[in-house]
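Structure, as structure tokens:
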């Protein structure tokens, strides 16, 4: 009793600040916390009339359907392989480009930096148009080149085997510039006296990059790498939805968990499947984020997010 | 000798970077070029880097019935303005109490915000909460509420606010100002740079969004610009039907290729023209956000 009244007293002291924070907390509750409780619909035979609480329980039926279908394996494989490829290649490319930018003078950097940043501001819908411009069967740039070389044009939008490459190229085009800028900004923070000392000692640019820039930028790169791996279960929906233009024939190599959940919910209307797949993504995604953070804590405690 | 070699290296790097830059811009040049080409020219030469047959037909068609685009712009502007204002109000207040170390619940609040970055309910429950509980489908709120509080942006804001000199809060308190008054009169003015950066993030998220429209909007008068573009691509007849019925023209006369790409230019253009001006703030926010969080 005593502790409650003490807590109440403390609350009174803090109540002004509490009420300042309250609107944001309520909004967060509605937008983020309510859907968390809503995850139970994965265990229900949901219908819109009875709502989340009123719908009958289904036990693990939804999961049984999802995991015994071939879809579960397919979307998990695509999600992990494609996102894994994206992460590795985009990080390698961004570090490489950032190292080059680091060697140039500020004025020329500014031009390149602006150009590289452009794709970040273009929505996936527009990227879908751009890719179509290259791959359209009749008018596309690639097929024009093939015809010019006396080779048979390729029907890109009907054969899934090309799509891992096309998706990767699209991803790199849109994201490498932004990642480069993050790394480059990190390199700007390196103390210039290191380089001065090194060049007095006669170190070449290569040696300087190897001995100074790379070791000093490594923590940032590794940190971001682990964070990206933690989010590997979540895909960039727009890429997988708009770039393949929803062609059913391409699903074997372009369908990821996010697009699968969306399609089950909005196109097919199979809520059981959608909620089971979504539940699977939330839980595994959560474990991966926790795991990656535990790993960061081990490697460098000050960089751990929690 | 050393100098000469490093000059050569510099040249090689500039060359590689130039190639990368050209590859980055090339698709956009094609897009613009096609939007100025005639269908006949495209049928003959394919998509070319420079229009072989220059025409403004595509844009003329788009602007003959400009209603969908004007509506799209109006919806996007309204959503961006309202959403950014709401997002900033919610994020700045929440970030402030998290940053106030003397606030008894500041740690608890931080965890409350942070946890939503680790774990989320995903699409299906969110969809049901928005449509069954809040009934935001086919209202302007469907395009605003789901993004109105971003834990990510709130954490960035908290990071900024922690650097503020909190002695000013103390002195305001001594002068007898209440917490709310202190926040509005003292904190907000000094937090302007943070508010500008986070506001930019919110504005960008709202302006470029198609996802919420895809989920919650089917009414034509509420379709934002980016989503209009998708509808045009997936179903060109949406606009063309409007035109052919209104203008009584034959569908086959419509320069469909240039209309498509012209729409993309119109939707993406303003952002590309504006972004160099606020690029600097963006980079600053990104580097803060990417490292913490």
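Protein chains in written order, with full-length UniProt numbering: chain A, 1 to 306; chain B, 1 to 293.
Just so it is clear, CB atoms sit at the ideal spot from N, CA and C, and this is done for glycine as well.
Here DSSP, grouped into helix, strand and coil, assigns residue 233 (chain A) to coil. The beta-carbon distance between residue 100 (chain B) and residue 92 (chain B), rounded to whole angstroms, is 13 Å. This is too long to meet the 8 Å contact definition. Following the DSSP letters along the chain, one finds residue 196 (chain B) inside the alpha helix (DSSP H) bounded by residues 192-207. Residues 106, 109, 110, 158 of the same chain have their beta carbon placed closer than 6 Å to that of residue 98 (chain B), with the five preceding and five following residues left out of the count.
By the criterion of at least three beta-carbon pairs nearer than 8 Å, the region 155-171 of chain A is not in contact with the region 53-70 of chain B. Think of a sphere of 9 Å around the beta carbon of residue 10 (chain A): the chain B residues whose beta carbon falls inside it are 104, in chain order. As the crow flies, the alpha-carbon of residue 263 (chain A) is around 22 Å from that of residue 32 (chain A). Around the beta-carbon of residue 194 (chain B), 16 or more other beta-carbon atoms lie within 10 Å, marking it buried. In this structure the region 52-70 of chain A does not touch the region 236-245 of chain A; the number of beta carbon pairs closer than 8 Å is below three. In this structure, the straight-line span from the alpha carbon of residue 16 (chain A) to that of residue 182 (chain B) is close to 11 Å. Per DSSP, residue 100 (chain A) is one residue of the alpha helix (DSSP H) stretching across 71-103. In this chain, the alpha helix (DSSP H) harbouring residue 129 (chain A) covers 124-135. In the three-state reduction of the DSSP assignment, residue 44 (chain A) falls in the strand class, which pools E and B. For residue 54 (chain B), the three-state secondary structure derived from DSSP is strand. Within 10 angstroms of the beta-carbon of residue 50 (chain A) lie fewer than 16 other beta-carbons, which makes it exposed. CA-to-CA, the gap between residue 32 (chain B) and residue 186 (chain B) works out to about 48 Å. Look at the beta carbons and you see the region 109-123 of chain A touching the region 178-186 of chain A: at least three pairs across the two are nearer than 8 Å. Each of B:215, B:152, B:225, B:171 was checked against the Cα of residue 114 (chain B), and the nearest Cα belongs to B:152. Contact note: residue 114 (chain A) reaches chain B through 275, 276, 279, using a C-beta cutoff of 9 Å and chain order.
Put simply, of A:287, A:272, A:260, A:283 the residue whose alpha carbon is nearest the alpha carbon of residue 56 (chain A) is A:272.
For a cut-off of 8 Å, the C-beta gap from residue 172 (chain A) to residue 90 (chain A) is around 6 Å, short enough to register as a contact. Under the criterion of beta carbons closer than 8 Å, residue 73 (chain B) and residue 200 (chain B) do not qualify as touching, at roughly 19 Å.
With a beta-carbon spacing of about 4 Å, residue 230 (chain A) and residue 289 (chain A) fall inside the 8 Å limit used to define contacts.
Counting along the chain, no alpha helix (DSSP H) covers residue 203 (chain A), and no H or E run does either. A residue is called buried once 16 or more other Cβ atoms fall within 10 Å of its Cβ, and residue 81 (chain B), having fewer, is exposed.
When the Cα atoms are used, residue 135 (chain B) and residue 88 (chain A) turn out to be separated by approximately 42 Å. Residue 230 (chain B) and residue 154 (chain A) have their C-alpha atoms spaced approximately 25 Å apart.
Neighbours of residue 198 (chain A) in chain B, taken as residues whose beta carbon is under 8 Å from its own, are absent, since the nearest beta carbon is some 13 Å off. Secondary structure within the region 50-103 of chain B: the alpha helix (DSSP H) runs of 4 or more consecutive residues, fully enclosed, are 57-64, 67-99 (chain order).
Between the alpha carbons of residue 213 (chain A) and residue 84 (chain A) lies a gap of roughly 26 Å.
Close to chain B, meaning a Cβ-Cβ distance shorter than 9 Å, are the following residues of the region 257-273 of chain A: 258, 261, 262, 264, 265, 266, 271.
Exclusion of the five residues before and after residue 279 (chain A) leaves 39, 42 as the residues of its chain whose Cβ lies within less than 6 Å of its Cβ.
Among the residues facing chain A, residue 148 (chain B) is included, as its CB has a counterpart in that chain under 8 Å away. Excluding the 5 residues flanking it on each side, residue 281 (chain A) has same chain C-beta neighbours closer than 8 Å at 233, 234, 257, 258, 261, in chain order. C-alpha of residue 207 (chain A) to C-alpha of residue 175 (chain A): approximately 29 Å in a straight line. Residue contact check for residue 160 (chain A) against chain B: no CB pair falls below 8 Å.
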